[in-house]
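Chains as they are written, first to last, in the working numbering: chain B, 101 to 490; chain L, 101 to 490.
A virtual CB, placed ideally from N, CA and C, is assigned to each residue, including glycine.
Number of protein chains: 2
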Amino acid sequence: MDSFVFQNATKIIFGRDSEAKVGAETALHAKKVLLHSGMGSAKRSGLLDRVIASLRAAGVEFVELAGVQPNPRLSKVHDGIRICREQKIDFILAVGGGSVIDSAKAIAAGVPYEGDVWDFYCGKAHPKSALKVACVLTIPAAGSESSGSTVITKEEGQLKHGLTCDDYLRPVFSIMNPALTATLSVKDTAIGAADIMSHVMERYFTNSTAVDYSDRLCEATMRSVAYNLPRVLAAPQDYDARAELMWTGTNAHSDLIGMGRGGDWASHEIEHELSALYDIAHGTGLAIVFPAWMKHVYRHDIQRFARWANRVWDVEADFGNPEAVALEGIRRFEAFYTRNGLPVRLSEAGIGADRLDEIAARLSQNGQRSVGNFVKLDQAAIRAILELAR
Amino acid sequence: MDSFVFQNATKIIFGRDSEAKVGAETALHAKKVLLHSGMGSAKRSGLLDRVIASLRAAGVEFVELAGVQPNPRLSKVHDGIRICREQKIDFILAVGGGSVIDSAKAIAAGVPYEGDVWDFYCGKAHPKSALKVACVLTIPAAGSESSGSTVITKEEGQLKHGLTCDDYLRPVFSIMNPALTATLSVKDTAIGAADIMSHVMERYFTNSTAVDYSDRLCEATMRSVAYNLPRVLAAPQDYDARAELMWTGTNAHSDLIGMGRGGDWASHEIEHELSALYDIAHGTGLAIVFPAWMKHVYRHDIQRFARWANRVWDVEADFGNPEAVALEGIRRFEAFYTRNGLPVRLSEAGIGADRLDEIAARLSQNGQRSVGNFVKLDQAAIRAILELAR
C-alpha cells in the first residue's frame with residue numbers, strides 16, 4: 101500500500117427535504133453569499149425558491165449568478181470573481197450539479213488571487229487560499245460535492261482543464277436530497293452513472309501493489325452502481341435507488357476509496373479533449389473512452405482486469421485463461437452501458453473521425469507528453485484508443 | 101436509506117515512518133501538549149522517544165502522562181484533567197492504542213467541564229466543547245483514531261460506559277504507521293481484528309431498509325479483515341497485510357460505511373459488562389459475545405444473515421433454505437475466530453457461569469431497559485445469549 105494523507109471535512113447532509121437546512125447551515129459560515137446556479141432547471145423545479153426562502157429565514161443575504169452551462173465556462177467564472185470582489189462576498193453556495201459546483205470552486209479560488217484564475221488550470225500556479233464553497237446537489241455524477249477538484253473550459257482555444265486542491269476547494273457542506281434527482285431524465289441519469297463509474301475505475305486500475313482493501317471498496321462501489329442504475333431507469337421515482345446512486349457518486353470521488361494507491365486518469369484527459377471540442381456531456385465522453393481504453397491497455401495487467409471482471413461483472417474465475425476472463429469483463433461492462441442507453445462509440449455521439457489525429461496531437465502536445473499512469477499513453481497510443489472508440 | 105449527517109475531518113497520515121511528522125503536525129495546533137501513553141510498550145519500542153524528538157524539533161512543549169491501562173480508568177482521566185488545568189494545556193497527543201486515545205478523549209472533554217467528566221459517560225450531560233485530541237496509533241482495533249467515541253471504566257462499581265461526541269472528540273489528526281504494529285503479538289493482533297469485525301457487524305445488522313451500498317461497503321470491510329488477519333498471523337512482519345488490517349480498522353469505525361442505516365450495538369453493551377467485571381480485552385469479549393448474539397437473533401432477519409453468509413463467508417446461495425445459509429455463515433464466522441486463536445466461549449476466557457444472572461440484571465437494570473436495536477434484548481434475552489456463550 102502506498103503511503104498517503106487523507107482528509108475530507110465536507111459535511112454531508114443527506115435525505116429528504118434536506119435543502120430546508122441550507123439557510124441555517126450557511127449562516128454558520130457567512131452573512132452574504134454568491135448564489136450560483138445553472139441553466140434554469142433549479143428555478144423551474146422550485147428548488148431555487150426554497151433555497152432562497154431558507155437563506156432569508158436564516159438572515160443570509162445573497163447575490164444571484166445563474167447561467168452556468170454544462171462544461172462550465174471561464175467567462176462565467178470571471179463574472180463571479182468580479183461580483184464577489186465588488187460585493188465583498190466570501191462564501192459561494194452552488195445549487196446544481198457538478199458544473200455549477202466546479203464553477204463555484206473556480207470563483208472561490210480566483211477571488212483572492214491576483215492573476216487570472218486560469219493560471220490554476222493550466223498549471224502556472226496553485227491556490228494558496230480560497231473562499232468557502234458549499235452546495236445543494238441536484239445531479240449524482242461529478243462527485244464535486246466532496247472533492248477538491250474542478251474542471252473549467254476556456255472558450256478561447258476550446259481548452260478544458262482540471263484543478264485539484266483538496267486543502268481549500270472541498271465544499272464545507274453538501275446538501276443531498278435524492279428526491280431532487282427524480283426529475284433527471286433517464287439519459288442524464290445514465291450519463292451521471294457513467295461519470296461515477298469512471299471515477300472509481302480511474303482509481304481501480306493502478307500499478308500500486310498490496311491494495312486489497314481499497315480494491316474491495318472500489319468493487320463495492322462499482323457493483324452498487326451496476327445494481328442501482330437499472331433500478332433507477334426502470335422506476336425514475338424510486339427514492340431508494342436514487343439515494344444509492346447519489347451516495348455512490350459522492351464516495352466515488354471523495355478520495356477515501358482510492359487511498360494508498362495511484363490512479364490512472366488518462367480516460368479523463370482524453371474525454372476532456374472530446375467535450376472541449378464537441379461540447380458533449382462528460383459522462384457521455386467517458387462512456388465512449390473507457391471501453392476503448394481498456395481494450396488498449398488490459399494486457400498491461402491481465403490479473404487486475406480478470407479480478408475486476410470476476411468481482412464486479414460476475415465473470416466466472418477461469419484461472420486457466422485469465423485473458424478470456426478480462427475480455428469478458430470488458431464486454432459485459434460495455435454491454436452494461438449500451439443496455440442503459442449510453443453511447444460507447446464516438447459515432448453514436450455524432451462525432452466523426454476527422455479530428456482524431458488533432459485530438460491525439462493536442463493531448464500529447466505533439467508527442468511532448470504522455471497521459472495516464474497505469475499505462476503511459478503517447479500520441480500513437482491515444483490515437484489507437486480513439487480508433488477503438490470510433 | 102435513512103437520512104443522515106456525516107462529517108469526519110480527521111486527517112489520516114498513513115505510511116512508513118509517518119510518526120516523524122508528529123511534531124510538525126502538532127505544531128499547527130498547539131505549543132504545549134499532554135503526551136499521553138500506556139503501560140510502557142511505546143517507551144520500550146523507542147516510539148515514544150521518536151515522538152518526543154519530533155515534538156522537540158518542532159518546538160512543542162509537552163507534559164507526560166503515561167500508564168493508561170487496557171480498559172482505561174477514570175482515575176487516570178482525572179489525573180489528566182488536573183494536569184491540563186494546572187499547566188494550561190489545550191491539546192492532548194495520545195501515543196498508543198484505543199485505550200490511550202479513549203483516555204485522551206475523556207480528558208479532552210473533562211477539562212472545560214465544571215462537573216465530573218463521568219457525567220458524560222453515564223448520560224447526565226453531553227460535552228459542549230473539548231480540547232483537541234490527536235494520536236499516533238499503535239494497535240489496529242478500536243477505530244478510536246477517527247471516531248468520536250470513547251469508553252472509560254469507573255473503578256468504583258466496576259462500571260464501563262461509552263460516550264460518542266462526533267462534534268468535538270474526533271482526533272484532529274491520526275498518524276498511522278503499519279510497521280509500528282508488527283511487534284503486536286499474534287494474540288493481540290487477533291483480538292484487535294475481532295474488535296474491527298465487530299464495529300462493522302454492529303452496523304451491518306440493521307432494521308433500516310434500502311441500504312445496498314452501505315451493505316456492500318460493510319461486506320468489503322469484513323472480507324478484507326477475513327482475508328488479511330490470517331496473512332498477518334502467518335507472517336507478523338508482513339507490512340502490506342499489517343497495513344490492510346490497520347486501514348480497515350479505521351474505516352470500520354469512522355462512520356462512513358454505516359451512513360444511512362441504524363446499528364445494533366447490543367454485543368458491545370454486553371461485552372462492556374464482561375470487561376468491566378473480568379478486565380478481559382474488549383476484542384476478546386466481542387469474539388465471545390457476537391456468535392452467541394447471532395444464534396439468538398438471526399431469525400429476526402434470516403435474509404440479512406443469509407446475505408452476510410453468502411457475501412462475506414462464501415456460503416452458497418441456497419434460496420430454498422435461507423436459514424441453512426444463515427446458520428452456515430455463523431458457523432464459518434465462529435470457525436474463523438477459532439482458527440485465528442480467538443476464544444468464542446466464556447469458558448475459553450476463564451469466565452465461569454456464576455455471575456451471568458448478575459450481568460443480565462446489571463445490563464437491563466433489573467429489567468428496566470433493553471439493549472440493542474436490531475433486536476431489543478430484555479433481561480431474559482441477555483441471559484439467553486450469555487448462556488449460548490458459556
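Compare the C-beta of L/D312 with all C-beta atoms of chain B and state if any pair is closer than 7 angstroms.
As a first step, residue 312 of chain L must be located in the second sequence, where it is residue number 212. L/D312 counts as touching chain B.
At a Cβ threshold of 7 angstroms, is B/I275 touching chain L?
-> Position 175 of the first sequence, counted from the start, is the residue given in the question as residue 275 of chain B. No - not a single Cβ of chain L is within 7 angstroms of the one on B/I275.
Under 8 angstroms, with one C-beta from each stretch per pair, do the stretch 300 to 308 of chain L and the stretch 351 to 363 of chain L reach the 3-pair mark? Short answer: they touch.
**Study point:** L/L134 vs L/I192 beta-carbon contact at 7 angstroms
**Key:** Position 34 of the second sequence holds residue 134 of chain L. Position 92 of the second sequence holds residue 192 of chain L. Taking 7 angstroms as the Cβ cut-off, L/L134 and L/I192 qualify as a contacting pair.
Quiz item: Straight-line CA distance for L/G362 to L/A453?
Solution: Here the question's residue 362 of chain L lines up with position 262 in the second sequence. Here the question's residue 453 of chain L lines up with position 353 in the second sequence. Near 32 angstroms, if we compare the C-alpha coordinates of L/A453 and L/G362.
Residue range of the alpha helix (DSSP H) that includes L/C184: Walking along the second sequence from the start, residue 184 of chain L turns up at place 84. Unbroken alpha helix (DSSP H) run through L/C184: L174 to Q187.
Distance, Cα to Cα, B/S498 vs B/Y213? One cannot answer for residue 498 of chain B here, as it falls past the ends of chain B, which runs 101 to 490.
Counting only beta-carbon atoms, is B/I112 nearer than 7 angstroms to chain L?
To locate residue 112 of chain B, count along the first sequence from 1; it is residue 12. Among the residues facing chain L, B/I112 is included, as its CB has a counterpart in that chain under 7 angstroms away.
Practice item. Determine the contact status of B/T281 and B/R331, defining contact as a CB-CB distance below 7 angstroms. Key: As a position in the first sequence, residue 281 of chain B is number 181, starting the count at 1. As a position in the first sequence, residue 331 of chain B is number 231, starting the count at 1. Note that the C-beta distance between B/T281 and B/R331 is not below 7 angstroms.
- With 16 as the cutoff for other CB atoms within 10 Å, does B/S285 come out buried or exposed? Here residue 285 of chain B refers to the residue found at position 185 of the first sequence. Flag for B/S285 reads exposed.
| Using the beta-carbon of each residue, which ones in chain B are nearer than 8 angstroms to L/G360? | Numbered from 1 along the second sequence, position 260 holds the residue referred to as residue 360 of chain L. What L/G360 touches in chain B: F114, A343 and W347.
Self-check item: B/S367 versus B/A461: straight-line alpha-carbon distance, rounded
Solution: Counted from its first residue, the first sequence places residue 367 of chain B at position 267. Counted from its first residue, the first sequence places residue 461 of chain B at position 361. Their Cα atoms are separated by approximately 15 angstroms.
Let me check understanding here. Comparing Cα to Cα, which of L/W408, L/E373 and L/I380 lies closest to L/R316? Indexing the second sequence from 1 puts residue 316 of chain L at position 216. Among L/W408, L/E373 and L/I380, the Cα nearest to that of L/R316 is on L/W408.
Cα separation between L/Q479 and L/A208?
Position 379 of the second sequence, counted from the first residue, corresponds to residue 479 of chain L. Position 108 of the second sequence, counted from the first residue, corresponds to residue 208 of chain L. If you draw a straight line from the Cα of L/Q479 to the Cα of L/A208, it comes to about 35 angstroms.
In three-state terms, what does DSSP make of B/E136? Taking the first sequence and counting its residues from 1, one reaches residue 136 of chain B at position 36. The sequence given here has His at residue 136 of chain B, not Glu. In this structure, B/H136 counts as strand in the three-state DSSP scheme.
Exercise. Taking L/R316 as the query, report the chain B residues whose CB atoms sit under 7 angstroms from its CB, ordered along the chain.
Key: Sequence index remark: in the second sequence, residue 316 of chain L carries index 216 (1-based). Result: A320, R323 and S324.
> What's the C-alpha gap between L/F273 and L/S154?
Replying inline: Taking the first residue of the second sequence as position 1, residue 273 of chain L is located at position 173. Taking the first residue of the second sequence as position 1, residue 154 of chain L is located at position 54. Distance between the alpha carbons of L/F273 and L/S154: 15 angstroms.
Query raised in the report: With 7 angstroms set as the bound, which would you pick, yes or no: does the beta-carbon of L/D340 sit closer than that to a beta-carbon of chain B?
Result: The count along the second sequence starts at 1 and reaches residue 340 of chain L at position 240. Answer yes: the Cβ-Cβ gap between L/D340 and chain B drops below 7 angstroms somewhere.
Give a yes or no on whether the minimum CB-CB distance between B/M301 and chain L is below 7 angstroms. Working through the first sequence from its first residue, we reach residue 301 of chain B at position 201. No, no contact with chain L.
With L/T110 as the anchor, note down where its beta strand (DSSP E) starts and where it stops. Taking the second sequence and counting its residues from 1, one reaches residue 110 of chain L at position 10. Taken as a continuous stretch (DSSP letters only), the beta strand (DSSP E) holding L/T110 covers F104 to F114.
Requested in this report: Alpha carbon to alpha carbon, how far is L/A449 from L/R455? Give it in angstroms, no decimals.
Outcome: The residue labelled residue 455 of chain L in the question sits at position 355 within the second sequence. The residue labelled residue 449 of chain L in the question sits at position 349 within the second sequence. Their backbone Cα atoms lie some 14 angstroms apart in a straight line.
Return the first residue and the last residue of the alpha helix (DSSP H) that B/G262 is part of.
Position 162 of the first sequence, counting from 1, holds the residue named residue 262 of chain B. Note, B/G262: premise wrong, no alpha helix (DSSP H); beta strand (DSSP E) at L259 to T264.
Show which residues of chain D have a CB atom less than 7 angstroms away from the CB atom of B/A109. Going by chain labels, chain D is absent from the structure shown, which instead holds the protein chains B and L.
Counting only the same chain and skipping the five closest in sequence on each side, list residues whose C-beta sits under 8 angstroms from that of B/V160.
Position 60 of the first sequence, counted from the start, is the residue given in the question as residue 160 of chain B. A distance below 8 angstroms between beta-carbons, with the five flanking residues on each side excluded, links B/V160 to the following residues of its chain, in chain order: G123, T126, A127, A130, K131, K132 and V133.
Q.
Does the CB of B/M101 have a neighbour CB from chain L at under 7 angstroms?
A. Here residue 101 of chain B refers to the residue found at position 1 when the first sequence is read from its first residue. At least one chain L Cβ lies under 7 angstroms of B/M101.
Query raised in the report: Can you give the Cα-Cα distance for B/T238 and B/M276, rounded to whole angstroms?
Result: Stepping through the first sequence from its first residue, residue 238 of chain B is reached at position 138. Stepping through the first sequence from its first residue, residue 276 of chain B is reached at position 176. Taking the straight line joining both Cα atoms gives about 7 angstroms.
Requested in this report: Examine chain L for any beta-carbon lying closer than 7 angstroms to the beta-carbon of B/F405, and answer yes or no.
Outcome: Along the first sequence, read from residue 1 onward, the residue named residue 405 of chain B stands at position 305. No, B/F405 does not count as interfacial toward chain L.
Requested in this report: Note the first and the last residue of the continuous alpha helix (DSSP H) segment covering B/L488.
Outcome: In the first sequence, residue 488 of chain B corresponds to position 388, counting from 1. Per DSSP, B/L488 belongs to the alpha helix (DSSP H) from Q479 to L488.
>> Contact between the stretch 210 to 225 of chain L and the stretch 319 to 334 of chain L is defined here as three or more beta-carbon pairs at a separation below 8 angstroms; is this criterion met?
In response: No contact exists between the stretch 210 to 225 of chain L and the stretch 319 to 334 of chain L.
(request) Identify every run of the alpha helix (DSSP H) within the stretch 200 to 278 of chain B, keeping only runs that are complete inside it and at least 4 residues long; order them along the chain. (result) As far as the stretch 200 to 278 of chain B is concerned, its whole alpha helix (DSSP H) runs of at least 4 residues are 218 to 221 and 266 to 269.
Check your understanding: DSSP puts L/I192 in a beta bridge; with which residues?
Key -> Counting from one through the second sequence, the residue named residue 192 of chain L turns up at place 92. Bridge partners of L/I192: L/L134 and L/V233.
(message) Once the 5 residues before and after L/G472 are set aside, which same chain residues still bring their CB inside 6 angstroms of it?
(response) Reading the second sequence from its first residue, position 372 is the one you call residue 472 of chain L. Non-local beta-carbon contacts of L/G472 in its own chain, meaning distances under 6 angstroms to residues more than five positions away in sequence, involve D364 and A366 in chain order.
Check: Between B/F104 and chain L, is there a C-beta pair that is closer than 7 angstroms?
Finding: Numbered from 1 along the first sequence, position 4 holds the residue referred to as residue 104 of chain B. For B/F104, the answer is yes, since a Cβ of chain L falls inside 7 angstroms of its Cβ.
Original post:
Along chain L, in chain order, which residues have C-beta atoms closer than 8 angstroms to that of B/L356?
Top reply: Position 256 of the first sequence, counting from 1, holds the residue named residue 356 of chain B. By Cβ distance, chain L contributes N351 and L356.
Exercise for the section: Output the boundary residues of the beta strand (DSSP E) element that contains L/V163. Expected result: The residue you call residue 163 of chain L lines up with position 63 of the second sequence. Run containing L/V163: E161 to L165, per the beta strand (DSSP E) assignment.
Original post:
Going along chain L, which residues have a C-beta under 8 angstroms from B/S118?
Top reply: Indexing the first sequence from 1 puts residue 118 of chain B at position 18. Ordered by position in chain L, the residues that pass the 8 angstroms Cβ test against B/S118 are S103.
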